[in-house]
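Asks: One structure follows; several queries about it will come next.
Protein chains: 2
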Amino acid sequence: MAYSETASRILDSAERMARQGGYNSFSFREIAAEIGIKSASVHYHFANKEILGAALAERYTNRFLDGLGEPGAEGADEMLRRYAASYRRALIEDGQMCLCGMFGAEISDLPDPVARQTRAFFVRNIQWLGQVFQARGLGAEEAETKAACMIAALEGAMILSRSLQDDTLFDRIIEGYR
Amino acid sequence: MAYSETASRILDSAERMARQGGYNSFSFREIAAEIGIKSASVHYHFANKEILGAALAERYTNRFLDGLGEPGAEGADEMLRRYAASYRRALIEDGQMCLCGMFGAEISDLPDPVARQTRAFFVRNIQWLGQVFQARGLGAEEAETKAACMIAALEGAMILSRSLQDDTLFDRIIEGYR
DNA sequence: ATATAGCTACCTATCGATAGGTAGGCAAAA
DNA sequence: TTTTGCCTACCTATCGATAGGTAGCTATAT
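In order, the protein sequence lines correspond to chains A and B. Position 74 of the first sequence, counted from 1, bears residue number 74 in the UniProt record's numbering, the numbering being contiguous throughout. Position 25 of the second sequence, counted from 1, bears residue number 25 in the UniProt record's numbering, the numbering being contiguous throughout.
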């Protein structure tokens, strides 16, 4: 899906808000005010909130996986290091939570299309990381469990580091994965 | 703080909603409707939302730590097993997120009193678990990092298991800690 | 014993602000 | 001439919060 200039700016704005306070923290009005249009015009680009929310999660997932490249592009150790570095960038450079970590926490209250896209983020990430762990010689099942372990640790590390306002905590937590 | 019958029911109701959808997902009106009083009466017990939110996090933290007992009550391995089991209960029996994991994810959007109580949850949990890891012979600093690691893994495991609607995933993720 | 005063735990009614969402118009581009 | 992208001008529902009132209990003072 290629988004127009305005649609992209809507998504940028919504993503920033959602990564700070979750699904209920972005609104058509606030997005519109931020990018300089009217809230009715936001509805022109995204008919309703669940469509916007699902688009948010989908774009985030695609960008995230694109940023990772192919799981076999380099040696397994290097790919694991890269994976952790992606989360580190999201936390330290953007100063924000992982969008799908946030949505995942509140998933039971999300409209179905948003919940489905959120699940897709985790499924695709487990697959990607699972391939890296398989390259390290693990069986398919064990590799997926290891992948889920690492993703859980990274999402949790983001929550703790942000809560305690201590970026070095994130680094110390993920030290085993670098 | 000892709460009256009604105040406790308000907290119960708000906690359930907050653990599903975060800080913005509980409202005075909905709580009131659920327990059979008017929203103005909820304000009688908790003057405003940030006071209610902070009380929520404080009660949750106290209950959680009370449920754990003293970190030196049994051997370190047993205490670690108990700690993980507390999260498992919250997830599997209640079918809900950790309240402070949820608040932690959205901490940058929370009123200060709520954010402070949320931080207190993590600080006190790291201290508790840190003592267990020290009992295993680790130095104070290393023990606290290990503690943060484990808490991060558990909070993350809750998010993944709930998102993917797979309770067995939680167990597989925390297998190393049991 | 009774009047006074204050507290508790609710109520009704309403406030301004904000939420998501819609109908219909208008100007420029295709 | 139709589509695109925005606008004005609304709507209904809900938000947190407040004002003012009431029934019933308790404690003190007369």
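Each residue gets a CB set at the ideal place from its N, CA and C atoms; glycine is no exception. The structure presented is a predicted model; accordingly, all values stated were derived computationally and were not measured.
Find the residues of chain B that neighbour E155 (chain A), judging by a C-beta separation of less than 7 Å, and give them in chain order.
Replies: Within the first sequence, numbered from 1, the residue matching residue 155 (chain A) stands at position 155. Those within 7 Å of E155 (chain A) in chain B are G156, I159.
Asks: Residues in the same chain with beta-carbon distance under 7 Å from A135 (chain B), minus the five sequence neighbours each way, listed in chain order, please.
Replies: Here the question's residue 135 (chain B) lines up with position 135 in the second sequence. Hits under 7 Å: G72, A76.
Asks: With a cut-off of 8 Å on the beta carbons, I'd call L129 (chain A) and I107 (chain A) a contact; round off their distance for me.
Replies: Numbered from 1 along the first sequence, position 129 holds the residue referred to as residue 129 (chain A). Numbered from 1 along the first sequence, position 107 holds the residue referred to as residue 107 (chain A). Contact between L129 (chain A) and I107 (chain A) is absent: CB atoms are separated by about 20 Å, not below the 8 Å threshold.
Asks: Output the distance between the C-alpha atoms of Y23 (chain A) and E34 (chain A), rounded to the nearest integer angstrom.
Replies: In the first sequence, counting from the first residue as 1, residue 23 (chain A) sits at position 23. In the first sequence, counting from the first residue as 1, residue 34 (chain A) sits at position 34. Whole-angstrom Cα-Cα distance: 17 Å.
Asks: Would you identify the three-state DSSP class for Q117 (chain B), choosing helix, strand or coil?
Replies: Sequence index remark: in the second sequence, residue 117 (chain B) carries index 117 (1-based). In the structure shown, Q117 (chain B) sits in a helix (DSSP, three-state: H, G or I).
Asks: Over the uninterrupted alpha helix (DSSP H) stretch that includes R63 (chain B), give me the two end residues.
Replies: Along the second sequence, read from residue 1 onward, the residue named residue 63 (chain B) stands at position 63. Per DSSP, the unbroken alpha helix (DSSP H) holding R63 (chain B) starts and ends at 49-68.
Asks: Please classify Y60 (chain A) as buried or exposed, where buried requires at least 16 neighbouring CB atoms within 10 angstroms.
Replies: On the first sequence, residue 60 (chain A) is found 60 positions in, with the first residue counted as 1. The residue is buried, with at least 16 neighbouring Cβ atoms inside 10 Å.
Asks: Taking D171 (chain A) as the reference, which of B:T145, B:G176, B:N48 has the closest Cα?
Replies: The sequence position of residue 171 (chain A) within the first sequence is 171, counting from 1. When each option's Cα is compared against that of D171 (chain A), the closest is B:T145.
Asks: Just how far apart, CA to CA, sit Q127 (chain A) and S161 (chain B)?
Replies: Taking the first sequence and counting its residues from 1, one reaches residue 127 (chain A) at position 127. Taking the second sequence and counting its residues from 1, one reaches residue 161 (chain B) at position 161. Computed Cα separation, rounded: 16 Å.
Asks: Assess, as a yes-or-no matter, whether the segment 81-94 of chain B is touched by the segment 45-52 of chain B under the definition of 3 or more beta carbon pairs within less than 8 Å.
Replies: no
Asks: So, using beta-carbon positions, are H43 (chain B) and F28 (chain B) closer together than 9 Å?
Replies: The sequence position of residue 43 (chain B) within the second sequence is 43, counting from 1. The sequence position of residue 28 (chain B) within the second sequence is 28, counting from 1. Their beta carbons are under 9 Å apart, which means H43 (chain B) touches F28 (chain B) by this criterion.
Asks: Excluding sequence positions up to five away, which residues of its chain have a Cβ less than 7 Å from the Cβ of G101 (chain B)?
Replies: Taking the second sequence and counting its residues from 1, one reaches residue 101 (chain B) at position 101. These residues qualify, in order along the chain: E155, M158.
Asks: Which whole-angstrom value describes the C-beta separation of V123 (chain B) and A54 (chain B), a residue pair presumed to lie in contact below a C-beta threshold of 8 Å?
Replies: On the second sequence, position 123 is the one that residue 123 (chain B) refers to. On the second sequence, position 54 is the one that residue 54 (chain B) refers to. V123 (chain B) to A54 (chain B), Cβ: 15 Å. No contact.
Asks: If we define contact as Cβ-Cβ less than 9 Å, is T61 (chain B) a contact residue for chain A?
Replies: The sequence position of residue 61 (chain B) within the second sequence is 61, counting from 1. T61 (chain B) does not count as touching chain A.
Asks: Name the chain B residues that come within less than 9 Å of R162 (chain A), Cβ to Cβ?
Replies: Numbered from its first residue, the first sequence carries residue 162 (chain A) at position 162. Correct list: G104, A105, I107, S108.
Asks: Taking 9 Å as the cut-off, decide whether the C-beta atoms of S86 (chain B) and L99 (chain B) are in contact.
Replies: Residue numbering aside, residue 86 (chain B) sits at position 86 when the second sequence is read from its first letter. Residue numbering aside, residue 99 (chain B) sits at position 99 when the second sequence is read from its first letter. Not closer than 9 Å, so no.
Asks: Put L99 (chain B) into one of helix, strand or coil per three-state DSSP.
Replies: Here residue 99 (chain B) corresponds to residue number 99 of the second sequence, with the count starting at 1. Residue state, collapsed to three classes: helix.
Asks: Between the beta-carbon of Q117 (chain B) and the beta-carbon of E58 (chain B), is there less than 9 Å?
Replies: Position 117 of the second sequence, counting from 1, holds the residue named residue 117 (chain B). Position 58 of the second sequence, counting from 1, holds the residue named residue 58 (chain B). Yes; because the gap between Cβ atoms is below 9 Å, this pair is in contact.
Asks: Using a Cβ cut-off of 8 Å, pull out every chain B residue sitting near N24 (chain A), in sequence order please.
Replies: Mapped onto the first sequence, residue 24 (chain A) falls at position 24. Those are G21, G22, N24, S25, listed as they occur along chain B.
Asks: Does any residue of chain A have a CB that is nearer than 9 Å to the CB of V123 (chain B)?
Replies: Your numbering for residue 123 (chain B) matches position 123 in the second sequence. Closer than 9 Å: yes.
Asks: Give the single residue among A:G36, A:D166, A:E5, A:I173 whose Cα lies nearest to the Cα of R119 (chain B).
Replies: The residue given as residue 119 (chain B) occupies position 119 in the second sequence. Looking at the Cα atoms, A:D166 is the closest of the given residues.
Asks: Against chain A, with Cβ distances strictly below 9 Å, would L169 (chain B) count as a contact?
Replies: By one-based count along the second sequence, residue 169 (chain B) stands at place 169. By this cut-off, L169 (chain B) is an interface position.
Asks: Under a CB-based cut-off of 9 Å, is R178 (chain B) close to chain A?
Replies: As a working note, residue 178 (chain B) is residue 178 in the second sequence. Low local confidence applies: a pLDDT of 49 at R178 (chain B) is under 50, so the model's placement there is unreliable, with the coordinate-based value given in what follows. Cβ-Cβ to chain A under 9 Å: no for R178 (chain B).
Asks: Would L65 (chain A) and E15 (chain A) be called neighbours here (beta carbons separated by less than 9 Å)?
Replies: Counted from its first residue, the first sequence places residue 65 (chain A) at position 65. Counted from its first residue, the first sequence places residue 15 (chain A) at position 15. Not a contact, by the Cβ cut-off of 9 Å.
Asks: Whose Cβ in chain B lies nearer than 7 Å to the Cβ of G101 (chain A)?
Replies: On the first sequence, residue 101 (chain A) is found 101 positions in, with the first residue counted as 1. By Cβ distance, chain B contributes A105, I159.
Asks: When DSSP labels each residue in this structure, what does R136 (chain B) get in the three-state scheme?
Replies: Taking the second sequence and counting its residues from 1, the one referred to as residue 136 (chain B) is at position 136. Coil at R136 (chain B), not helix or strand.
Asks: Specify, as a first and last residue, the run of the alpha helix (DSSP H) that A33 (chain B) falls within.
Replies: For the purposes of this step, residue 33 (chain B) is taken as residue 33 along the second sequence, with counting starting at 1. Here the alpha helix (DSSP H) through A33 (chain B) covers 28-35.
Asks: Is it buried or exposed for A2 (chain A), if we count other Cβ within 10 angstroms and need 16 for buried?
Replies: Start at 1 with the first residue of the first sequence, and residue 2 (chain A) comes out as number 2. So A2 (chain A) counts as exposed.
Asks: Between which two residues does the alpha helix (DSSP H) holding E7 (chain A) run?
Replies: For the purposes of this step, residue 7 (chain A) is taken as residue 7 along the first sequence, with counting starting at 1. Going by the sequence as given, residue 7 (chain A) is Ala instead of Glu. Taken as a continuous stretch (DSSP letters only), the alpha helix (DSSP H) holding A7 (chain A) covers 5-21.
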